[in-house]
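Following: one structure in structure tokens, then a few remarks.
In this note's numbering, the protein residues as written are 1 to 107.
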């Protein structure tokens, strides 16, 4: 590979959602019917998106976003990176999807 050249890989993602893994871990889940499912997993399930680059929406758990809200998970919607969402534990996942303006097709 020549210096300065990047190799690209195709992805089907139309949007990216960053979810703080540290916040999720501190809550011990906090979402889903029993309140024990991490937000990223609950969002994937609600939207029916697959993991990896072949999904229509990328839901990526990141180490720490540095906000560390009490009883909430920090989420960044790639379509609106200037506004970060603090999702309180127990909020219905359908409400999160609606308020973040997410769709199964990645929009």
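The C-beta atom is built at its ideal place from N, Cα and C for all residues, glycine as well. These numbers come from a predicted model, not from an experiment.
- Query: So residue 94 is in the beta strand (DSSP E); what residue range does that whole segment cover?
  - Reply: Run containing residue 94: none in the beta strand (DSSP E); it sits in the alpha helix (DSSP H), 93 to 100.
- Message: For residue 43, would you say it is in contact with chain B, using Cβ-to-Cβ distances shorter than 9 Å as the test?
- Response: Absent from the structure: chain B. Only one protein chain is present.
Q.
Check whether the region 77 to 84 and the region 22 to 40 are in contact - that is, three or more C-beta pairs closer than 8 Å.
A. no
message = Can you give me the C-alpha to C-alpha distance between residue 55 and residue 12, rounded to a whole angstrom?
response = 6 Å
Requested in this report: Using the Cα positions of residue 72 and residue 20, report the straight-line distance between them to the nearest angstrom.
Outcome: 10 Å
- Task: Could you round the C-beta distance between residue 75 and residue 87 to whole angstroms and report it? I think they count as a contact, below 8 Å.
- Result: 6 Å
Would residue 94 be called buried (16 or more neighbouring beta carbons within 10 Å of its own) or exposed? exposed
Subject >> Per-residue burial, residue 92 [other beta carbons within 10 Å of its own, 16 or more giving buried] >> reply: exposed
Q) Does DSSP put residue 83 in a helix, a strand or coil? A) coil
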